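**Q** Below are the structure tokens for one structure; questions will follow.
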Amino acid sequence: MDDGVTPTTDARSRIVATVRALPRGQVASYGQVAARAGLPGRARLVARVLAEAPASLRLPWHRVLRSDGRIAFPPGSRGHAEQSRRLRAEGVKVADGRVAAADFAGAQGLDAALWGPG
DNA sequence: TACTTGACCGTAT
DNA sequence: CATACGGCCAAGT
Numbered sequence: 390m391d392d393g394v395t396p397t398t399d400a401r402s403r404i405v406a407t408v409r410a411l412p413r414g415q416v417a418s419y420g421q422v423a424a425r426a427g428l429p430g431r432a433r434l435v436a437r438v439l440a441e442a443p444a445s446l447r448l449p450w451h452r453v454l455r456s457d458g459r460i461a462f463p464p465g466s467r468g469h470a471e472q473s474r475r476l477r478a479e480g481v482k483v484a485d486g487r488v489a490a491a492d493f494a495g496a497q498g499l500d501a502a503l504w505g506p507g
């Protein structure tokens, strides 16, 4: 019997939960999200899930960037503009399509800076 | 079934 | 700083 729960479905729900847990004004990389979701090495799956996720979920997808702090969308694209706009709206500094390392979650210890003491 | 694609990542040159 | 390469793996053709 099939209850509809496949490894892919499970992974997807974990990724969604992890992204949803990102605090406002804080950013993380696809790899960090994947690792935190218990899926090390599956950054591409994170990207895929975000791309497929319906807007009705209201996910803070704009808080997820590439490991070098750059926005994943090509410069000049609709998504790129949208993401940078949303980040700035939260007080995140975006310069030349990238977020400063100081604002990036790794600067003060991943878990402490990203998900706080609790 | 085989091959290609992609909102990626880390290491090496 | 830019390229190259291997790894990753779901979904599309």
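Read in my numbering, the first sequence has 441 at position 52, and its numbers run on one by one without any break. All residues carry an ideal CB built from backbone N, CA and C; glycine is no exception. Since the model is a prediction, treat every value here as computed from it, not as a measurement.
Which residues in the same chain have their Cβ closer than 7 angstroms to the Cβ of glutamate 479, if we skip the five residues on either side of it in sequence?
**A** Arg413 and Gly414, listed in sequence order.
**Q** Go through the segment 442-496 residue by residue and report every complete run of the alpha helix (DSSP H) that reaches 4 residues or more, in order.
**A** Fully enclosed alpha helix (DSSP H) runs of 4 or longer: 467-478.
**Q** Should valine 422 and valine 435 be called a contact, given that it needs their Cβ atoms to be closer than 8 angstroms?
**A** Yes, the Cβ-Cβ distance between valine 422 and valine 435 is below 8 angstroms.
**Q** Check whether the Cβ of glycine 414 lies closer than 7 angstroms to any heavy atom of the ligand GDP, and answer yes or no.
**A** Although the ligand GDP was asked about, the structure shown includes no ligands whatsoever.
**Q** So, are the CB atoms of glycine 486 and serine 473 less than 8 angstroms apart?
**A** For glycine 486 and serine 473, yes; Cβs fall inside 8 angstroms.
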